[in-house]
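Everything on this sheet refers to the single structure shown next.
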Amino acid sequence: MRPLAAGLCLLALAQTSCGEDPPLGPERTKTPSHRCATAPTWEGFAQGMLTTWCTPCHASSLEGTERQGAPAEVDLDTLDDALRWADRIQARTVDSATMPPGGGPTEEERARLGEWLACGLGTTEPPAPCSEATKLDGDVRIDTDQGAHDLCADGPLHLRGGLEVVDTLGALGCVCAVDGPVQVDGGTLQLPAATHLGSLSATGAVTLVSAPLLATLDGPLSLHDAPSLRLVDLTRLASVKGAVTVSSTPVLEGLELGRLTTVDGPLVVHDAGLRALEIPRLASAPSVAWSELPRLQAPPLADTLQDVPGGLVIEGVDVDDLSQGLDSLVDTTGSLTLRSLPTVGLQALRPLNRVRGDLVIEDLPELVDASGLDNLEQVRGDLVIRDVPGVPLAEWEAWSDGIEVEGTLVLEP
Amino acid sequence: MPAPSRRSFLGGLLSGLALAPGTARAAGDERQLLMITAAGGWDVTYAFEPKLGLESIQGPEVDATDAEDDVEAVQTFSGMPVLVNPNRRPAVTSFFERWGHRAAIVNGIWVGAIGHPSCTVRMLTGTPSTHRPDVSVIAGHELVGARPLGSVDFSGFGFAGDLGVTHGVMGSRGQARALIERDAALPRSGGLVPAVLPDATQLAIDDLVRRRAEALRGAVGSHSKSQRQLDDLVESIDRAQALRDRGLPLDRLDVGTEATPDTLGLTLIDLLERNACRTAMMDSSFQWDTHYNTFQQHGNYDNLFADLTLLVDELDTRGLLDRVMVCVVSEMTRTPLINAHGGKDHWPHTSALFIGGGVQGGRVRGATDDYLESLTMDLATGEVDPDGDLLRYDNLAAGILDHLGVDSERWFPGITPFRGLSV
Amino acid sequence: MAAPTHRLPRGPVWAMVSLFATMSCGTPGPDEVPSPEASHDDLPVVDQLVRASVALRGLRPSPDDVARVSADPASLTAIIEGYVEEEAFAETLADMHAQQLMLRADTVPKLRLPQVGPMKGFPMGASQPAEQEWPLQLVRHVARNDLPYTEVVTADYTFSNEIIATAYGLPFDPVGPMEPGGWQKVAWHDGRPGAGLLSETSVWRRHVSNGANFNRLRADVIADRLLCDPIGGRDVSIEGSIAVSDPEEVADAVSNQPECVACHQALDPLGGFFWGFKPQIAKASITIAYDSDCGERPVPGWQYSGDVADYCYPLKTYNPEWEGDWADWGLRPPNYYGEPATYLDDLGVLVADDPRFATCTVRRFYSWFAQVHVDDVPFEVVEPLTEAFVDGGWSTRDLALAIVSLPSFRRADEDGLGLLATRPEQYARTVTELTGYRWLGEVDDGECKLCWGEVDLARSALHGYRTVAGSTDDDNILVPTHTTTPMKWLTVTVFAQGAAGHAVAEAREGRLSWLDPSISDDDDARAQIADLFLRVLSAEVDPDAPEVDELLDLFRTAASSDGSDGGSEAAAGWTAVLTALLLDPRMMLH
């Protein structure tokens, strides 16, 4: 690797696992959504791979023993077939090497197929030109792939009502905007052309939410109770006029919100399989809670977050060194709670000068270095230090002597 | 993985290279390789792996005539069981009687492919890839020293990879001799005799080209691939000049005619003895791909071993047998059973024969089962081991490189070399 | 407020990082997203012209082209676009296909056509190249007429000349319309479906079906060479208890054993399209046939498919009545990776419609022009080129132009391809075009059983120096060497001397206008040397430049030595100068 590329790789996100082969299996690092810009396509790669390795048995024209045991309903001739069986392809060809039965595809080919699956099974078909979108009144419900196909039969659409997508795999490439709420339950939600939605809610057996051009939500974003949700592509989402909730999404490993600058409601990320959490442009949110993120490999990154009036909670985030990520949090009007963290240090809080609410640091059993709090001068609410045995009481006392605490001081390390 | 440029070495070393007739370099640890391919797929049951009395394998015994001495039998030579037939393959017996103590048979090499090109590339390069160099080229390149060439190939099967700058593709009709000995029967050109410039003029041109190459270096800047191309150009001029100045012992070869295997073998020995190269490759030239008449293998083996006896005798006479390892390989063997046409088809396993050059003789390494499938072995010793590993083509290639003094880890990272040649 | 300590970069650099992070973590190729900090210096425009000219045509640009692009760099595109309209571009594609389909295999003895019967009058030096070039005429035709590349698998015609007509019975009208080289477009005469290269006799004489192979090797040629799916290169594990020599057991195994099914499920049905072809027509079979008076006398132990008479000229190589014979062996019916079909022309259409054919074509073309192995062509290069290729109507001209217009071809920095080695085929074509010299040799020695006559030693792998100089032999050496080697240097030295001597001799006879071999005056010599720089190396140099000084010194030195052609000192000097230019690094590399 050229030195420049090597350096850039080192700087890249942990998600990228640059420079090492991702292991196959459920633990494999997922493709970050921004990588999908150059992901393989159906025409350019996936169709050929399925033709080489799959359709000799999984073809609609083959019957009986000709299929060599391939189930009668599992054909992989077409893109629709691949969409239908995407999970099985992932499981049998990417996550494991049980298909094709005699082996064959290289690890690189399997990984590349996985990349195609993770990036929304893209094709080279261009999205509909939204400048010519037809406005459609009323709510729309799609619960079959045929329904998705039929909706888009007549060109680009601007839905004035709401959109409900249930157990559908096909992309809705004609949908340019939805004024009402968008709800998806099961299947996938693929809105490659949509730039604006009323709100977005994904739940149930949904596996993929992809709206790469979506810039604004007029209401909340909610990805909740979605145990199969693996990929969310909202890379251009800049404004959410409501809450952002990501909860109970245990297999969601990546969430790219690189352009998110405005959140009008609570920002809650709870019980998700995220390996990284980065919101690099968010300056403020009414409240922020990051909790139960056991797979996080690096501190949450919100370096432009300056103020959280409703409080910032970081709890149950399995990062062993909270060393960065809050570079702009100098003077917060809300409370700050750090609870049940394995971190050894608190350098992420180094810029923190004043907390106008409570400051609670509780159950940090590995903490040995509290110097990240050295710049704190004032806590207008309560200051609670509890169950932090790695830093002696005397140190806490000496430190707290230099802080103006207007509320109650509790030092019970 | 191309080696760094040798330009800094070449000027002095090549000028000091002596290729005077009869001069033999010190043997020491400087092992050389003489590789002979039995291209087409030999039937290992005709010699290396006796498989008599098995229903599952039809060997040469199937073709027995009424002649009294046409009998297939297992004879042990220096502890090695070899299938012999004094009537059909007497040269096999003669060879092992004379040289069994210096020979090692390696059975049960897993090739894992079924077509000639796929098998050939695996057996010669140790990889499935046609753009990797073969072991003869690698060893020649790594160990070229002061020689004008690292490796020479008369077989037409070699893979140069990126190492062409030290490799000589010699042609099968004396082309190398025609190019190096400018006066030797150069084919006429359309009625006009090609202008042959005086040597001094060509040398002046070579010098000029070198200077022009240096000037071009400046123009291409630090572009690494371009610099390598220029390195290879200048190095090739140097090596070509060394070949012309000192000549190669190719006088046994007639320009325009295909040499017989024995003549070619002696030529390769001449080249190795005179340190014109470190490794050399030739083909046995027999038709081993016996799909239609398996019993052609009799004649092939007899002729092959007659040639081998001649060559090994010659190596010994010249005091080269300790230094030169003869390696005879075939890209595959043949199916256990005879097909409907009286021949045998391709089988993805094979054997190899090694003689001299530090090989511990008198031993058979590896084996196949009663269906001619490779058995696992201890790669460190070559002993059959049910808990061991298959001896794959890459293990063998790595082992050959190690035996010759090349670090195989550099060329086959992570591959366990077969060490059974020297234990 | 403390200054933010950014652990990760932002802004444009971040965008580049993100983009880098999206790519495979090998070295980013030059034709992927450009490095933000690399130089984007392009090669000088004349060097770009030379590279494109050699890549596309195997020829150097003319002095006129050099002058034009030097005066107006914007004319580069138009000049290069003109190159793909020339016959030399068709020759380049023929060279590419010959190598990729392994067709110029003159080292394979059984492919030779015995000089018996009506073939007695044709020396091997003519009949063998005719047979090798026969399928390549279709490639030339497609390039010459800018037909969609899919024609190479769908064409319902072939080509013929006197030799092919004699050997194989195709029609040929000596006074009818001809394509360059004396080839004539004709229809197949024997009922075989027309499917371009898939129907070509020479292709399937080269790639045979021995014994119980049942056309699997031919199927693998299609899969490997046209679809980049090398089925034959996959690992093979054969269950030892299967009697592989028993076709029935094999038929059962390839249908039921998982390890076998993995390959054979695709391979066997693909082979099912080739049953109309004879498994092989080797030299020996023709000789035996003539020894029996074409079957008038019995041939004990005749082991070849079909009648003895089929193996007498004109050879019968296709039997339509055999097309369904796969069924006799319990094999799968023809299908294409699960898509059923029946005849060879069906196969051609299926191949043409297969996206792998497009991507593999792009990879093969890029591999040839960029001198990288087909396995090493980056995905990121292939996909956009493929999309444009297909959307643009499968034009080989457009594809070639797109490739040589890539940044990697133009850049001088580390993102560029760097100097490419001039292939032996390109070198030979350049030298011949410049000097008119062909390196021919009479290789027969007295009584010959198979008489070759005159052989082009630059093109022959068997008698000549093509493989010695680093090209393939299309038999065992399947990958060329893309660098200079000592044997290549020796070869080109001889070739260059011969060509220079020929040019000087022609010039002395007044048949070469651009060289005056009588010039000996320094000023005139300098002017001529400068002109030769332009003509041979596409380099505009001043007559007083140091590089001209060097050649003038060589001229004087050589002129004062004994001349090579009977005493003219100046002629000897010009032979040396021209040799030096033909051996210049800029001829060997481009």
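Residue numbers (our numbering), protein chains in the order written: chain F, 1268 to 1680; chain D, 534 to 956; chain E, 98 to 687.
Yeah, the Cβ is synthetic: ideal placement off N, Cα and C, and Gly gets one too.
Comparing alpha-carbon positions, the option among Trp423/E, Ser615/E, Leu537/E, Asp472/E lying closest to Leu324/E turns out to be Asp472/E.
Taking C-beta separations shorter than 7 Å and ignoring five residues to either side along the sequence, the partners of Asp1344/F in its chain run Thr1322, Ala1326, Ser1327, following chain order. What Lys585/E touches in chain D, judged by beta-carbon distance under 9 Å, is Gly697, Val702, Ser769, Ala773, going in chain order.
Comparing alpha carbon positions, the residue from Gln760/D, Leu854/D, Ala809/D closest to Arg779/D is Ala809/D. C-alpha of Ala773/D to C-alpha of Glu675/D: approximately 19 Å in a straight line. Inter-residue distance for Thr901/D and Arg745/D is about 58 Å (C-alpha atoms, whole angstroms). For Gly1371/F, a Cβ of chain E is located within less than 9 Å of the residue's own Cβ. By the CB criterion at 9 Å, Asp1446/F and Gly1465/F fall inside the cutoff.
9 Å or more divides the Cβ of Ser589/D from the Cβ of Pro881/D.
The beta carbon of Arg1377/F is closer than 8 Å to those of Leu1291, Thr1360, Val1361, Ala1364 in its chain, skipping five residues each way along the sequence.
Beta-bridge analysis with DSSP links Ile500/E to no other residue. Shown here for Ala624/D: same chain residues with a beta carbon closer than 6 Å to its own, the five before and five after excluded, namely Asp835, Phe838, Ala839 in chain order. The C-alpha of Arg1526/F is placed about 23 Å away from the C-alpha of Thr1455/F. When DSSP reads this structure, Leu1579/F sits in a beta bridge with Val1555/F, Leu1603/F. In its chain, beyond the 5 residues on either side, Pro1394, Ala1395, Cys1397, Pro1423, Gly1440, Cys1441, Val1442, Cys1443, Leu1480 have a beta carbon closer than 8 Å to the beta carbon of Ala1460/F.
Each of Thr1529/F, Glu1340/F, Leu1384/F, Leu1329/F was checked against the Cα of Ala1510/F, and the nearest Cα belongs to Thr1529/F. At a cut-off of 9 Å between beta carbons, Tyr904/D contacts chain E. Listed by position along chain D, the residues whose Cβ is nearer than 8 Å to that of Ala386/E form an empty set, because the closest Cβ is around 17 Å away.
Among the residues facing chain F, Arg331/E is included, as its CB has a counterpart in that chain under 9 Å away. If you draw a straight line from the Cα of Pro1533/F to the Cα of Phe506/E, it is about 53 Å long. Just so you know, the alpha carbons of Glu530/E and Ile319/E end up roughly 35 Å apart. Between Cys1324/F and chain E, the shortest Cβ-Cβ separation is below 9 Å. Taken atom to atom, the span from the alpha-carbon of Thr1483/F to that of Leu1524/F is near 12 Å. Thr570/D is positioned such that its CB atom lies no closer than 9 Å to that of Met865/D. Judged by their CB atoms, Trp426/E and Ala363/E are not nearer to each other than the 9 Å cut-off. Only buried fits Ser669/D, as 16 or more other CB atoms lie within 10 angstroms of its CB. When DSSP reads this structure, Tyr433/E sits in a beta bridge with Glu436/E.
Counting of Cβ neighbours within 10 angstroms places Glu942/D among the exposed residues, the total staying below 16.
Using a 10 angstroms sphere on the CB of Arg1355/F, the tally of other CB atoms stays under 16, which defines it as exposed. For Trp1666/F, the uninterrupted alpha helix (DSSP H) segment begins and ends at 1660-1668.
Three or more Cβ pairs closer than 8 Å define a contact, and the stretch 213-227 of chain E meets that threshold against the stretch 546-557 of chain E. Runs of the beta strand (DSSP E) lying entirely within the stretch 767-812 of chain D and spanning at least 3 residues: none are present. Around the C-beta of Ala748/D, fewer than 16 other C-beta atoms lie within 10 Å, and the residue is accordingly described as exposed. With its beta carbon less than 9 Å from one in chain E, Ser1328/F belongs to the interface. Taken through DSSP and simplified to helix, strand or coil, Asp425/E comes out as helix. Assigned with DSSP and collapsed to three states, Phe610/D falls in strand.
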